[in-house]
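Please read the structure below before turning to the comments.
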Amino acid sequence: MEVSMARINNKKQFALSLVFLAVILILINIISRSIFFRWDLTRGNIYSLSESSKSIINQLDDRMTARVFFSEDLPGEYVNSRRYLQDILEEYRAYSNGNFHFEFVNPDDNEKAKEEAFGYRIPPIQLRVLENDKLEIKNVYMGLVLLYRDKKEVLPVIQTTEGLEYDLTAAIKKMLAKDLKTIGLIAGKGEGVQTHQLSQFLNQTYKVRPVSLNSPIPLDIDLVLMNGVMDSLSMDELYHLDQFLMRGGKLFLSQARQEAKVQEGIAESIASNIFSFLEHYGLTINPDIVIDKLCSQIQIQQRQGIFAFNNLVDYPPIPVIRRFNEESPIVSGLDEVRVFFPHEITASPDSGTFTPLMWTSKNSGSLAEGYFPAPSMGGNYTLRNGYNIYPMDNKQLQKFDKGPMVVAGLRTGYQSSFFADSSEYAEKEDFLAFTNDLNLLLITDNRFFDDMRAAGIPENTALILNAADVMTGDAELVSIRNRGIKVRPLKPEILTSDTARNVWKWVNMITPSLLVILFALFKAGQNRKKRRKLEEYYG
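Each position in the sequence shown, counted from 1, maps to that position plus 56 in this note's numbering.
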């Protein structure tokens, strides 16, 4: 009898335990809807929402819905993109005070969903997949639309996790903004200058439109991005630029002292009144081109007998910048920037405040203008005047006898007008003689806002967008953007020669395979020990 009662009590306790466990699981599930936790051990917590994203999503005061059009049967390399997207959307929901919602829609066998995706301009994309031992082309959907009140923002294609948090948060921020700030773009007159790609990036959070110095810069323009000039500006053009700065407008200027012609191996000096204009503002662009041992590589064609082949060579006139002003939010989170044919900036101590932003490495030098024998057709040489930037057998590009040099900086504070002493312009109606709020950022690359050159490099784009955010007074997205632009190079002092580079290259290639082999040997040894023990035990 006692045994039966004990069994009944045990059953009751077991049933109660199950009930308690079920209640605990339900409570955890309810709580987890509003509290999100992820143990992220990566540097910078790149797989968790940044504080800026949490702050922005927390500003939602109405329902926002993300409709995600994603195919189910994706190739293996894209499955992680879907998983990461779902994780990050769950985080947005957790920090939105219940205002952010999302739903996944599979349009593969759903004509209505396909029509809806088409209406949002989310296209099917073609992927090559291996199915049934055959390489086939498959149409899949990988996009989403954010809906908030009467606004919508579309991410038509999501093929990678890189930069996804930034794209989503930028879209959310744009929808929450009551009045977007406006950026004016002066592309410049250089041959083949393109700014379409840069404009697309800027359009994520700003209104962007081209402006001209032929007339006063419109009052609604908050920031001007200006590629370098190749000739003197008219006095009216300088006046319009000056008065834009005097009224508190912000200018990010990309200006060098020469125009590089790499194919010809020469850079020719620019004669322009923009340099005297900048000197009035306390900024002198030194004439020599800065070169750096820590530099980019370019591809050149070489000939050996009847054979021609392409070869990558170091090119010191395109420094790789890795030293930044860590106190400036414009550059503090960057790892590297590439600047083409830059010059050193010297700031006048008598003019406001100058903040250096970027320096070349300690192994820097300078290239002066002068006469030199330039190679020409037929293996002959022609005496030319300019900067010798020919990449091969050029001893002038190997003199790294100077220390770090400033190639970008920000000028702020009080500034008088360039036309303050002009009897003609100072008498104009609404003339502004000075400002206490100058914001002039100078980088000594003549085409830094050109998609075909500097602006086409992701790290450089990040710098431009950071500068736009900080100079317009809205730096929330800077920290998110910098998380996605990470380069982990070996320190320059390690790569002191071609031999050292080759050693590290082989170490990088062999180490993963070696680790796999060592692990396999370790497991094989463990298995042998287990077999011996089993043989001894069962004899």
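Note that the Cβ used here is the ideal one computed from N, Cα and C, for glycine as well.
Using the rule of at least 16 other Cβ atoms within 10 Å of the residue's Cβ for burial, across every protein chain shown, is residue 195 buried or exposed? exposed
Evaluate the contact criterion for the segment 355 to 373 versus the segment 469 to 487: three or more CB pairs, one atom per stretch, below 8 Å. no
Are the CB atoms of residue 413 and residue 384 within a distance shorter than 8 Å? yes
My assumption, with CB atoms under 8 Å, is that residue 395 sits in contact with residue 375. Please give the rounded CB distance. 6 Å
Excluding sequence positions up to five away, which residues of its chain have a Cβ less than 6 Å from the Cβ of residue 393? 377, 515, 516 and 519
For residue 508, the first and last residue of its enclosing alpha helix (DSSP H): Where residue 508 is concerned, there is no enclosing alpha helix (DSSP H), given that its DSSP letter is neither H nor E.
By DSSP, does residue 584 sit in helix, in strand, or in coil? helix
Checking 8 Å against the spacing of the C-beta atoms, do residue 249 and residue 270 come in under that value? Not closer than 8 Å, so no.
Assign residue 567 to one of two classes, buried (16 or more other C-beta atoms within 10 Å of its C-beta) or exposed (fewer than that). Residue 567 is exposed by the Cβ-count criterion.
Between the beta-carbon of residue 445 and the beta-carbon of residue 321, is there less than 8 Å? Result yes, Cβ atoms of residue 445 and residue 321 sit closer than 8 Å.
Using a threshold of 8 Å, state whether the C-beta atoms of residue 494 and residue 469 are closer than that. yes
Rounded C-alpha distance that separates residue 315 from residue 323: 5 Å
Would you kindly report the start and end of the unbroken alpha helix (DSSP H) that includes residue 140? Per DSSP, residue 140 belongs to the alpha helix (DSSP H) from 132 to 150.
Should the segment 233 to 245 be regarded as contacting the segment 132 to 140, the criterion being three or more beta carbon pairs within less than 8 Å? Using a Cβ-Cβ distance cut-off of 8 Å, the segment 233 to 245 and the segment 132 to 140 are not in contact, since fewer than three pairs of beta carbons, one from each stretch, lie closer than that value.
Under 8 Å Cβ to Cβ from residue 348, same chain only, skipping five residues before and after it: list those, please. 372, 375, 376, 416, 417, 419, 420, 421 and 456
According to DSSP, simplified to helix, strand and coil, what is residue 558? Correct three-state label for residue 558: helix.
Check whether residue 229 and residue 532 have beta carbons under 8 Å apart: yes
Where the beta strand (DSSP E) containing residue 348 begins and where it ends: Residues 339 to 348.
Can you tell me whether residue 537 is helix, strand or coil according to DSSP? If DSSP states are grouped into helix, strand and coil, residue 537 belongs with the helices.
Classification of residue 306 by the beta-carbon crowding that lies within 10 angstroms, buried from 16 upward: Under the 10 Å beta carbon count, residue 306 is surrounded by 16 or more other beta carbons and is classified as buried.
Using only CA atoms, which one of 213, 190, 381 and 151 lies nearest to residue 127? For residue 127, the closest of 213, 190, 381 and 151 by C-alpha to C-alpha distance is 213.
Comparing C-alpha positions only, which one of 524, 534 and 317 sits nearest to residue 255? 524
Take residue 575 and list the residues in its own chain whose beta-carbon comes closer than 6 Å to its own, dropping the five residues that flank it on each side. none
Give me the residue from 291, 118, 521 and 439 with the minimum Cα distance to residue 149. 118
For residue 568, the three-state DSSP class (helix, strand or coil): If DSSP states are grouped into helix, strand and coil, residue 568 belongs with the helices.
Length of the line joining the Cα atoms of residue 479 and residue 400: 34 Å
Check whether the segment 353 to 363 and the segment 327 to 339 touch, using three or more Cβ-Cβ pairs below 8 Å as the test. no
Which partner residues does residue 357 have in the DSSP bridge list? 366
Would you identify the three-state DSSP class for residue 229, choosing helix, strand or coil? The answer is helix: DSSP assigns residue 229 an H, G or I state.
Nearest-angstrom beta carbon gap, residue 538 and residue 442 [assumed within contact, 8 Å]: The C-beta separation of residue 442 from residue 538 comes to about 38 Å, leaving the pair out of contact by the 8 Å criterion.
Return yes when the Cβ of residue 346 is within less than 8 Å of the Cβ of residue 461, no when it is not. yes
Could you please give the first and the last residue of the uninterrupted beta strand (DSSP E) stretch that includes residue 414? 409 to 415
Which term fits residue 592, buried or exposed, when burial requires 16 or more other beta carbons within 10 angstroms of its beta carbon? exposed
Helix, strand or coil, according to DSSP, for residue 376 in the structure here? strand
Residue environment, residue 112, which counts as buried when at least 16 other CB atoms sit within 10 Å: Around the beta carbon of residue 112, a 10 Å sphere encloses 16 or more other beta carbons of the protein chains shown; the residue is thus reported as buried.
Take the Cβ of residue 145 as the centre, count every other Cβ of all protein chains shown within 10 Å, and call the residue buried at 16 or more, exposed below. By the neighbour-count rule (16 or more Cβ atoms within 10 Å), residue 145 is buried.
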